[in-house]
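**Student:** Pasting in a structure now, in structure tokens, and then I'll have a few things to ask.
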Amino acid sequence: MKLERAVIEVAGGCNYSCAMCPHSDPGRGKDWTRIMPLDMFENILDQITPKYGTPIINLEGSGEPTMNKRLPEYVEACTRRGLKSYMYSNGSFLRGDFMKDVVDAGLGFMRFSFIGYNREMYKKWMSMDNFDMVSENAIKLKEYIAESGSKCEVSSYHLILNNNQIDFEVEEYRRNVINKIGTIGYIWKMHNWSGNYKPTYGREAPVKRTCGRPFAPEITIRAGGNNGQTGAVTPCCQTLGPPNEAKSVLGHFSEQSIEEIYFGEKYEELRKLHIEERFDEIDYCKNCDFLYENPEVLVWSNDPNSSIDYMLGTEFSLKDYKK
């Protein structure tokens, strides 16, 4: 097994309460909103590489990584081991010397979450009137990348807020975000967080099949965990929030090694049930809309390599694990 992607959450909390995210209501709870200790983070990296490859390291999981004030040290820990670090963030704290320290530590990719195609919709969906400020943060980040000679890429992300006006949202987002900041952009339809939410977002299709995630060369590790444990491993990021996050834990790095978790009984049982398409027996998978094949969920991108099955920064495609 050679991992291509490790999602390691360095901070489980968030300073936003977005309308479409389990961080807002009911919230993840204190067991899940911890800061991952730097020594645990480094221990996980050392367990992974080089034995299990040199994966990209996503620093967010589903928490807001910039809430970790020592974030540059986590980025540097990746850089020192020859690992490229990625970060998905609301970007509200990524400014000034903190931003420069993160870039100087070797950050390889930064994706700003702009859920809202203008200031009004951003405030409505992301709970903060920060559209203009975060836009400026992104512009300043790009300027510092050019000034410092960093190879960090800058991206942005939007979720369609109304499926009845997709073309309008795409054009407004391109005008107010993509063209203004000059980002690589991705616009998707919303999803239901493994069934934790039950809105109609248009991902449904007649037949369920494996999403491919239990077999893919990646691992997802949370900062917190169940019953005071930390470093919980979940099948993917989609099980965020109650009730499915706690149900989906396959092991904890505070108690087990990567071998004991990734090749352990719980992970193997999950893979077996996906192979046999017995999804209704998996509480945290059975209502997940990622089990449906729907190519229209990726609405727009100016990245020629984008697809519904492609994980940013990796070489693998989930479609190879859906068979």
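Taken in order, the sequence shown gives residues 97 to 419; the numbers are from the numbering used here.
All residues carry an ideal CB built from backbone N, CA and C; glycine is no exception.
Just so it is clear, the structure is predicted and the values come from calculations on it, not from any experiment.
Which of the three DSSP states is assigned to Ala234 in this structure?
**Tutor:** Looking at Ala234 - three-state DSSP - the assignment turns out to be helix.
**Student:** Using a Cβ-Cβ cutoff of less than 8 angstroms, which residues in the same chain neighbour Asn323 once the five nearest sequence positions on both sides are dropped?
**Tutor:** These residues qualify, in order along the chain: Asp127.
**Student:** How is the alpha helix (DSSP H) around Pro192 delimited, first residue to last?
**Tutor:** Reading off the sequence shown, one finds Gly at residue 192, where the question assumed Pro. Taken as a continuous stretch (DSSP letters only), the alpha helix (DSSP H) holding Gly192 covers Gly192 to Asp200.
**Student:** Please report the straight-line C-alpha distance between Leu155 and Glu373, rounded to a whole angstrom.
**Tutor:** The alpha-carbon atoms of Leu155 and Glu373 are separated by roughly 31 angstroms.
**Student:** Is DSSP giving Trp128 helix, strand or coil here?
**Tutor:** Residue state, collapsed to three classes: coil.
**Student:** Is Gly291 closer than 8 angstroms to Asn390 when the C-beta atoms are compared?
**Tutor:** Their beta carbons are not under 8 angstroms apart, which means Asn390 does not touch Gly291 by this criterion.
**Student:** Under a three-way DSSP split, which group does Lys421 fall into?
**Tutor:** In the structure displayed, the chain extends from 97 to 419; residue 421 sits before or after that span and is not available.
**Student:** Any idea if Met183 is buried or exposed, counting beta-carbon neighbours within 10 angstroms, 16 or more meaning buried?
**Tutor:** Buried, by the Cβ-count rule.
**Student:** Closest by CA to Met286, which one among Leu190, Thr326 and Leu255?
**Tutor:** It is Leu255.
**Student:** Using DSSP with H/G/I as helix, E/B as strand and the rest coil, what is Arg270?
**Tutor:** Three-state result, Arg270: helix.
**Student:** Rounded to the nearest angstrom, what separates Ile277 and Val250 at their Cα positions?
**Tutor:** Computed Cα separation, rounded: 9 angstroms.
**Student:** Determine the contact status of Val395 and Val266, defining contact as a CB-CB distance below 8 angstroms.
**Tutor:** A contact, by the Cβ cut-off of 8 angstroms.
**Student:** For my contact list, Leu179 and Met217 are in at a C-beta cut-off of 8 angstroms; report their separation, rounded to the angstrom.
**Tutor:** Leu179 to Met217, Cβ: 36 angstroms. No contact.
**Student:** Give every residue of the same chain whose Cβ lies closer than 6 angstroms to the Cβ of Glu105, excluding the five residues on either side of it in the sequence, and list them in chain order.
**Tutor:** So the list reads Gly157, Gly159, Arg318 and Ala319, once near-sequence residues are dropped.
**Student:** Using the Cβ count rule (16 or more neighbours within 10 Å means buried), how would you classify Arg271?
**Tutor:** Flag for Arg271 reads exposed.
**Student:** So, is Met195 buried or exposed, given that buried needs 16 or more other C-beta atoms within 10 angstroms?
**Tutor:** So Met195 ends up on the buried side.
**Student:** Hey, quick one: how far does the beta strand (DSSP E) through Asn259 stretch, first residue to last?
**Tutor:** Per DSSP, Asn259 belongs to no beta strand (DSSP E) and is neither H nor E.
**Student:** How long is the line joining the alpha carbons of Gly360 and Arg309, rounded to whole angstroms?
**Tutor:** Distance between the alpha carbons of Gly360 and Arg309 is about 16 angstroms.
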